[in-house]
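Every letter in the sequence shown is one number past the one before it in my numbering, and letter 126, counting from 1, is 126.
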Amino acid sequence: VFGVSLPELRGMADSALTDPAAFPSPVPKDSLIVLDSSITFTSAQPLSGTGIVVINGDCTISPASYSAFSGLLYVRGALTLREPSEIQGTVVVTGAVTVTGGSDFATITFDDGIVNRLRQTLGTYRQSTGVMRPYRADER
1 VFGVSLPELR GMADSALTDP AAFPSPVPKD SLIVLDSSIT FTSAQPLSGT
51 GIVVINGDCT ISPASYSAFS GLLYVRGALT LREPSEIQGT VVVTGAVTVT
101 GGSDFATITF DDGIVNRLRQ TLGTYRQSTG VMRPYRADER
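Structural data, given as structure tokens:
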């Protein structure tokens, strides 16, 4: 999806995390967050903000979390989305997706404007801190 390996993506991330408790809420504007763990978003720690979020595990958005996220959510696992919550942009999931609304709405709305803005903002001139390329004098 990103045209780079997961280790390279971690190197380009504003935050590469392994502890779900350290996940920022809200996601800082136009940032790339990579989490190498499953996570459950709650009312105390909702998924909110704008950016690109990569979850290397399962992602659960609990009932009454009032999550409101704009951007790209990429889940390498299963996604469970409960009400009330809203994701605008795009969602890519490699496992099962469960979206449940009861007394309120749980929505995923594709918005190419958000995706294109993130692509322009984050996709241009992002330097990877985890990838080193040897310098060769004959390359210019």
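Positions of the beta carbon are idealized from the N, C-alpha and C atoms, including for glycine.
In this text the structure is predicted, and so the values were computed from the model without any measurement.
query, result
"Which residues share a DSSP beta bridge with residue 51?", "31, 71"
"With a Cβ-Cβ cutoff of 7 angstroms, do residue 38 and residue 19 count as a contact?", "no"
"Quick one: residues in its chain with C-beta nearer than 8 angstroms to the C-beta of residue 120, no 5 flanking neighbours on either side, listed in chain order?", "none"
"Alpha carbon to alpha carbon, how far is residue 102 from residue 83?", "7 angstroms"
"So if DSSP puts residue 61 in a beta bridge, which residue, or which two residues, is it bridged to?", "41, 81"
"Quick one: what does DSSP say residue 121 is sitting in, helix, strand or coil?", "helix"
"According to DSSP, what are the bridge partners of residue 110?", "89"
"Which same chain residues, not among the five before or five after residue 13, have their C-beta less than 6 angstroms away from its C-beta?", "32, 34"
"Taking its Cβ as the centre, do 16 or more other Cβ atoms sit within 10 Å of residue 50, making it buried, or is it exposed?", "buried"
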